[in-house]
Amino acid sequence: MKVQEQVVWSVEEITIGSGGERRGNASAEVTGVSIDTRTLRPGDLFVAVKGPRFDGHDFVAQALEQGASGAVVSRHGFQAREGAWRPLLDRHFLILVEDPLTALQSLAAWHRTRFDLPLIGVTGSNGKTTTKEMIAAILSRRGPVLKTEGNLNNHLGLPLSLLRLDASHRAAVLEIGISLKGEMRCLCEIARPTVGLITNIGPAHLEFLGSIEGVAEEKGSLFEAVRPDGTAIINLDDPHLAPWEKRLSVKWTFALDAPADVTATEIRPEGAGIGFLLTLRRTGEAGRVHLATSGRHQVANALGAAAVACALGYRLEEIRDGLADFRPVALRAEVLEAEGKTLLLDAYNANPASIKAAIEMLAAFPRREGGSSRKIALLGDMLELGTFSESAHRGVGEAAAQNGIDLLIAVGRWAGAVAEGARQAGMAGEKISAYADLPSLQKEFLSYLRKGDVLLIKGSRGMRMETVLAWLGVERSDRGKRAETLPLERGKD
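The sequence shown: position 93 = 93 (UniProt numbering), numbered continuously.
Have a look at this one:
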C-alpha cells in the first residue's frame, strides 16, 4: 500500500486483505472501494455484495466497463459467469472469495491495522450523527479527520468508511449503527476503536432487540470493545450508562444533570442557536460555547464531543472553537426559513426519545416577533418499535400536550395513537389533526400555517417527512445527491 493522501492498494494487498484468490491482471492498482455502480469511480474495487433485492454479481461487468480496476466476487458467482467475465481479465482482476460481504469487512479490518491513530466509535439511540459531526469539528482543529459520511454506519457502511482512511488523517470518527444482537461486537472488531462514546440509550429497534435493556446490552458492547489503552466516554445522565463509570478504569464522564468531568450550565437560547457555559472539572477551566443548532439535547451531544476531545488532550479553546464551527447535517435539527415561517427540520429518523427531545426543542425555540408565532409539530410514524408501537406513539402525543404545543399534526399508521395520547393529556381536540399518510395531508397542509409560525418536521426515515418542504416552496441544495445506497437499510439507527 502506498501511504499517501489517496490510498493506493496493489492487487496483492487486496488479495491478502480480503483473504481471496486472484484471477486476471496482477499489476492493476486500486484507489477506492465501491458497492454501487452509480457512484463508482475509475480505479475503484467493486465488491459484489448481495442484498434482498439485487445481486452485485449482475453488475460486475458494468463496473469494470465503467473503470473499476477489479472486483471481489463469490466463487459460486464466478463459476456461473466465468464465460462472460474471462475476456475482461486481461485488463482487470477478480478476487474470488466465499462471501463478498465478509471479504469487504476483512479488507477494512486489515486496512485499519495499517494506521496508529485515534479512532472514535460513536453509537447511541439518538444523536450519533450530530455528536460525530461535533467531534470531527473539534478534532479537525489539528488536522484532517476521517468521518462517517451519509448513512454509511452499518455492516456495509462502516467498512466502506474505514477504507477511506489514509496517511493525511490525524484521527477518525466513525458512527456505529446497529439493530441486531451481536452487530456491535462485529463492527468493533473491524474498527478497533481507541475511544468509545455512547450518546444515550432509548427505545429504538425494539422490534429486533426486544427491550431497552436489550438495546443497552448491545450498545454497551462498544465499551467492552475499546482497546485496552483506550477510553470510554460515559453519559452519567443516562441510567443505563451511568453504571459503567464504576466498571471501567479509563474514562471521561459528561452530564447535564449530574456531577461529571464535563458539564454545562447557564443554558439559554441565542438567536436560532443555543449557548452554555462549558466546565471541565479535571482542569478547572470554563468557557462560554455557542452552537448553531437548537435544543437542550444538543448541549448534551456537545458535552459528549467535548469529553472525547478532553480524552485526547485538546484544550478548552480548541473545543470551544470547534463547536462554534459545527453545522447541523441535512435533515437533522436544521433551521430553515419559508415565507415568514421558521422550520425545524429533524426528519432523518425518529424514536420515542428523539421525538420527545425535538418537541422540547420546539417548545423552547424563541417565538418570532410579529405574526402568529405558534408552535406546530408535524410528526410522522416511528418505525421498528414492534409491540411497543401503540404505547410509544401515545407517549409522543402526551409529550406534545405537556410541552404546550399549539397545533399537532400526526401522519401515518399510528397517527390516531398520537392524537389520542395528546387528547388524554389535555390538548384540545381542535388543536389535533391526524392523517393516514402525506398525500392525504397535502391538500390541507398550507391551510394550517400562518406567517410567524415555528414548524417542527419529524419522523422516521421511511416516512420521508421532508417531502413537505416542496409544498412550502423550499429548495434544498442537497436534493438529488446520492450516497452509497445499496442495502444499508438495516442498522442505521
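C-beta atoms are modelled at their ideal positions from N, C-alpha and C, and glycine is treated no differently.
In this structure, the beta-carbon distance from L248 to F223 falls below 8 Å.
Separation of the CB atoms of P269 and A399 is rounded to 20 Å, and the pair is thereby denied contact status at 8 Å. Partner residues in the beta bridge of G273, as assigned by DSSP, are E270.
Following the DSSP letters along the chain, one finds N235 inside the beta strand (DSSP E) bounded by residues T231 to N235.
Taking the CA atoms as reference points, A84 sits about 17 Å from S69. The beta carbon of R413 lies closer than 7 Å to those of D381 in the same chain, with the five residues before and after it left out. H393 sits close to G421, with the two beta carbons spaced by under 8 Å. Counting along the chain, W252 sits inside the beta strand (DSSP E) bounded by residues K251 to A255. Contact check for L139 and A171: beta-carbon distance about 5 Å, within the 8 Å limit, so the pair qualifies.
With contact defined as three or more Cβ pairs closer than 8 Å, the stretch 291-305 and the stretch 212-221 are not in contact. Membership of R367 in any alpha helix (DSSP H) is not indicated, and neither H nor E is assigned to it by DSSP. Counted as a single uninterrupted DSSP element, the beta strand (DSSP E) harbouring A338 occupies residues E334 to A338. By alpha-carbon distance to R423, the top candidate from E318, G210, L438 and I405 is I405.
Following the DSSP letters along the chain, one finds E420 in no beta strand (DSSP E) but inside the alpha helix (DSSP H) bounded by residues A415 to Q424. Per DSSP, H290 is one residue of the beta strand (DSSP E) stretching across E285 to L291.
When the beta-carbon positions are compared, T123 and I178 come within less than 8 Å of each other. When DSSP states are grouped into helix, strand and coil, E475 belongs to the coil group.
For the options A377, V226, E213 and Q442, the alpha carbon positioned closest to that of V418 is the one of A377. Partner residues in the beta bridge of D55, as assigned by DSSP, are K50. Take the alpha-carbon of Q442 and the one of E384: they are about 25 Å apart. In this structure, A71 sits near L45, with a CB-CB distance shorter than 8 Å. DSSP places V215 in the helix class (H, G or I) of the three-state scheme. Between L336 and L345, the C-beta gap is smaller than 8 Å, which places the two residues in contact. DSSP, read as helix, strand or coil, puts D321 in helix. C-alpha of E21 to C-alpha of D55: approximately 21 Å in a straight line. By the Cβ test, the stretch 308-325 is not in contact with the stretch 347-357, since fewer than three Cβ pairs between them sit closer than 8 Å.
For R394, the uninterrupted alpha helix (DSSP H) run begins and ends at S389 to Q402, by DSSP. In this structure, DSSP gives G220 a helical state, which the three-state scheme calls helix. Per DSSP, E82 lies in no beta strand (DSSP E); the unbroken alpha helix (DSSP H) holding it starts and ends at R75 to W85. About 14 Å separates the beta carbons of K251 and A225, which is beyond the 8 Å limit, so they are not a contact pair.
Of the candidates A242, G43 and R141, R141 places its Cα closest to the Cα of I319. The three-state reading of DSSP puts I201 in coil, since its state is none of H, G, I, E or B. Counted as a single uninterrupted DSSP element, the beta strand (DSSP E) harbouring R23 occupies residues E21 to G24. Shown here, T39 sits in coil according to DSSP, grouped into three states, outside any helix or strand.
Beta bridge pairing from DSSP links I457 with L345 and L378.
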